[in-house]
Amino acid sequence: LGGASAVVVVSLLRPDHLVELEAQGYRERRGAGVTHQAAIRWDNLNSQTISDVARSAGAAAFDPASGSVFIFGGFDSSVAVGGLIQFNGRRYSRVETAGDVPSARDGATLTYVPSLRRLLLVGGLPNDDAPPSSEVWLFDPETSRWSRSDDIPIGRWLHAAVYDPELDRVVVTGGCRGP
80 LGGASAVVVV
90 SLLRPDHLVE
100 LEAQGYRERR
110 GAGVTHQAAI
120 RWDNLNSQTI
130 SDVARSAGAA
140 AFDPASGSVF
150 IFGGFDSSVA
160 VGGLIQFNGR
170 RYSRVETAGD
180 VPSARDGATL
190 TYVPSLRRLL
200 LVGGLPNDDA
210 PPSSEVWLFD
220 PETSRWSRSD
230 DIPIGRWLHA
240 AVYDPELDRV
250 VVTGGCRGP
C-alpha cells in the first residue's frame, strides 16, 4: 500500500459464470460465447490516512456477515507486523481483540470458513529468526476473539489457502518452509 492506495471491488452475482479479469475491466461469459462487459471501478482512498495499515504480505479475507475485509499482519518495510485491521469498503480501522492473539507475522493466509462463521489464520513468518509458523488461529468477527486451533504439520509462509465448500475444509498449498 506504499503511499497511494486503490481498492477494486468486483461483484460476481452468479457463480456459474466464468469471469476473466483484464487490464481494462472484466469480461463475463456464459454458455455458447455470450459475452457481457463491464468496467472495474477503482476508488482512490487517499482521503483517509492509512499509514498505519501500509504493509505488504498481509493476509486478507472477506467476511460476508459484516461485509468487511479483514487484514492480519504483513511487513512494513522493516519488520513483520501484527494486529487485525477491518476495511468496510470506505474506512480502515484497527480491531480491538480480547484474549490471546497471534504474534506478528507476514506471508500468512486468512480464509473465511462459512460453516464456522470464522476467519482461519494459517502460518506466516514471525519477526525474529524463527522458522515459519505452523500455528493455526480462528477469529470470530462477532466477538472479536481469537482462539488457537491445532497446528499444521509443517510451518510455512507465502503459501495459498482456499475454502472448499463441497468438503467444508480449507486447503493449504505451496509456500516456503524456511526464511
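Quick note on numbering: the sequence shown equals residues 80 to 258 in this note's numbering.
Glycine is no exception: its CB is placed at the ideal position from the N, C-alpha and C atoms.
Remember, predicted model here, so these are calculated numbers, not experimental data.
Query	Result
Helix, strand or coil for H238? Go by DSSP, reduced to three states.	coil
Verify whether the separation of the beta carbon atoms of A159 and G168 is less than 9 Å.	no
Do S228 and D219 have their beta-carbon atoms positioned less than 9 Å apart in this structure?	no
Do you know offhand how far Y191's Cα is from T222's?	15 Å
With 16 other CB atoms within 10 Å as the buried threshold, where does G178 fall?	exposed
Flag this pair as yes or no: are the beta carbons of I231 and V250 separated by less than 9 Å?	no
For S226, list the residues DSSP reports as bridge partners.	L217
Give me the DSSP bridge partner(s) of R184.	P205
Does the beta-carbon distance from V201 to A187 come in below 9 Å?	yes
Please state if the CB of L198 and the CB of L189 are separated by a distance shorter than 9 Å.	yes
In whole angstroms, what is the alpha-carbon distance linking F166 and D185?	18 Å
Between the Cα of S212 and those of E245, S135 and G254, spot the shortest distance and give me the residue it belongs to.	G254
By the three-class DSSP mapping on this structure, what secondary structure does A144 have?	coil
G161 and A139: beta carbons closer than 9 Å?	no
Who are the Cβ neighbours of A144 in its own chain at under 7 Å, not counting the five residues just before and after it?	R196 and P220
With respect to the beta strand (DSSP E) encompassing V158, which residues constitute its N-terminal and C-terminal limits?	Taken as a continuous stretch (DSSP letters only), V158 belongs to no beta strand (DSSP E), as it is neither H nor E.
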